[in-house]
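In my numbering, the protein residues as written are 1 to 205.
Glycine residues also receive a C-beta, built at the ideal position from the N, C-alpha and C atoms.
Bear in mind that the values here come from a model prediction, so they are computed numbers and not experimental data.
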Amino acid sequence: MAFTMPTFASRLFRPFTSARLGITADTSGGPAIPEGAEKATIAAGCFWGVEHIYRKHFGNKGLYDARVGYTGGDLNNPTYRAVCSGQTGHAESLQLHYDPSQITYRQILELFYRIHDPTTANRQGPDVGPQYRSAIYYHNEEQEKIAREVTKQANEQWYKGGIKTEIAPAGQWWDAEDYHQQYLHHNPSGYECPTHFLRQFPPLQ
């Protein structure tokens with residue numbers, strides 16, 4: 001994805017809001033999720049670009065919804081301003097609901113390792129802080145098993161032992177403010193982290 005300084009400036013000056021718009025614990029203002037859907041939660045830096053890539057890659061291919069939000073922290077009902085301080089423990093994250101008959105959890109994680117730099121701790125490109133960490137938050141034992149398998153393979157075959165990604169149980173989820181949802185769809189010239197692009201690695205073995 002293209003990166004220019006004007007869009008980076010838009011990141012520095014994007015608006016804050018103190019209102020909690022559409023914030024819930026584990027429900028959202030998105031579309032109804034069919035019974036049998038599965039859930040995946042990841043963090044890979046600025047959630048605008050991560051959400052945008054997943055919608056482009058899996059849209060109309062079994063992805064029911066993709067919501068940006070906050071997880072992995074201690075503060076209840078966090079605001080974007082609070083998370084940006086780096087003091088709440090939360091990561092800017094993406095939560096996916098998908099049809100497991102069309103998308104596998106392994107496919108979600110292989111894309112995850114293709115679209116960001118998992119070798120930098122608490123950083124993606126110019127975005128620095130624990131809120132930009134690389135993380136996989138698993139929802140059951142099978143997801144944990146797959147997460148560790150894919151991470152081991154990507155670490156050995158793609159990143160030469162450099163992966164710093166956190167793998168941890170999924171905790172409390174908080175939807176981000178409404179203006180963050182599908183941000184790049186509504187603001188096509190908005191900021192995209194320069195580390196967010198599809199890497200042309202060979203298939204994992």
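- Under DSSP, L96 forms a beta bridge with A40, A66.
- Contact between C193 and D127 holds, since their C-beta atoms are separated by about 6 Å, short of 8 Å.
- By the beta-carbon neighbour count (other beta carbons within 10 angstroms, threshold 16), E149 is exposed.
- Between the C-alpha atoms of P118 and T195 there is a straight-line separation of about 10 Å.
- As a beta-bridge residue in DSSP terms, D127 pairs with Q124.
- Sixteen is the threshold: since fewer than 16 other Cβ atoms of the shown chains lie within 10 Å of the Cβ of R81, the residue is exposed.
- In this structure, DSSP gives T119 a state outside helix and strand, which the three-state scheme calls coil.
- Secondary structure note for W48: its alpha helix (DSSP H) is the uninterrupted segment 47-58.
- For E144, the uninterrupted alpha helix (DSSP H) run begins and ends at 141-157, by DSSP.
- Distance check between P169 and each of H180, E177, E156, I136 places I136 closest, using alpha-carbon atoms only.
- One alpha carbon belongs to G45, the other to W173, and they sit about 16 Å apart.
- For E110, the uninterrupted alpha helix (DSSP H) segment begins and ends at 105-114.
- Assigned with DSSP and collapsed to three states, Y138 falls in strand.
- When secondary structure is reduced to three states using DSSP, A91 falls in the strand class.
- Distances from the alpha-carbon of H139 to those of K39, W158, G89 put K39 closest.
- Across the structure, N76 and G161 are spaced so that their CA atoms are roughly 35 Å apart.
- Ranked by Cα distance from D65, the first of W158, W48, A37, Q124 is A37.
- Contact check for E166 and R133: beta-carbon distance about 6 Å, within the 8 Å limit, so the pair qualifies.
- A direct Cα-Cα distance of roughly 21 Å separates F197 from P130.
- When the five nearest sequence neighbours on each side are left out, the beta carbons in the same chain lying within less than 8 Å of the beta carbon of S101 are those of G62, in order along the chain.
- For E166, DSSP records a beta bridge to A135.
- Taking a C-beta distance under 8 Å as the contact criterion, E92 and F58 do not qualify as a contact pair.
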